[in-house]
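A.B. asks: Residues in the sequence shown are numbered consecutively from 0, following numbering that gives the first Met the number 0.
Cβ atoms here follow ideal geometry from the backbone N, Cα and C, with glycine treated the same way.
Remember, predicted model here, so these are calculated numbers, not experimental data.
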Amino acid sequence: MVKVCADRVAKVCLGLVSLTLLISSCGYHLDWNSDQETMTVPYACGDQDGYFTNALTEAIHCSGQFRVVNSEGKYILQTALKNCREEGIGFHYTKDNEGNISRTIIPNESRYYLSATFSLIDCSKNCILLGPVDLDVTVDFDHEYDSSPNKINVFSQGQLTDIETARITVHEIAVRQLAKKIVDYLYAFHVDCNGGSTQCQRF
């Protein structure tokens, strides 16, 4: 357990360090005020590989909304991954050894669901400024369960099957989409907040 936690912290720290390389590579910048307010992004609950936390931190940095700091930020963005699941949405019939279509069907298309809840805390006022808010994304992808030649057990060779490789790729796509969705929500909230319609919920 200690080793797992240490590995997760190391991944998050590595992601924060890499932010210094993003200044010239970010694809979009939202025009807030010239004085960036600071934000701390703790490790997201349920983020087993640390990828979502890193993607969220990167998206916030690229947006120009806040300056991400390791601690003592004016705001804290608390996040948690809630629902990560997959369901089959496409199938096809298999063939027997003679090439004839059998009555067995296997999935070849799936839909990946990922959702998160987040809250924005104003540390200067000790209150919840926004949230909790639930957001979700879905990603459809194609795959083949039986993709290895001659039906060799690729796991015994230390390799990934087509479906496992697809799941890794789709997870990375989903977390980046979800991270950007959260950042876009924060921007819309900021515009609304400037209109004076937002109240702070004290602890």
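For residue 86 and residue 123, I'd like the C-alpha separation in whole angstroms.
C.D. replies: In a straight line, the C-alpha of residue 86 is about 43 angstroms away from that of residue 123.
A.B. asks: Rounded to whole angstroms, what's the CA-CA distance from residue 181 to residue 72? Just pull it up for me.
C.D. replies: Spanning the two alpha carbons is a distance of roughly 18 angstroms.
A.B. asks: Are there 16 or more other CB atoms within 10 angstroms of the CB of residue 60, so buried, or fewer, so exposed?
C.D. replies: With 16 or more other Cβ atoms within 10 Å, it is buried.
A.B. asks: Ends of the alpha helix (DSSP H) at residue 42?
C.D. replies: Premise fails: residue 42 is in no alpha helix (DSSP H) and is neither H nor E.
A.B. asks: Mapping DSSP to helix, strand and coil, what is residue 211?
C.D. replies: This structure cannot speak to residue 211, because the chain is shown only from 0 to 202.
A.B. asks: Kindly indicate which three-state DSSP category residue 161 falls into: helix, strand or coil?
C.D. replies: Helix.
A.B. asks: With a threshold of 6 angstroms on Cβ separation, who are the neighbours of residue 139 within its own chain once the five nearest residues in sequence on each side are excluded?
C.D. replies: Here the set comprises 110.
A.B. asks: Return the Cβ separation of residue 115 and residue 134 in integer angstroms, given the expectation that the two are a contact with Cβ distance under 8 angstroms.
C.D. replies: Between residue 134 and residue 115 the Cβ distance is about 6 angstroms, and since that is below 8 angstroms, they are a contact.
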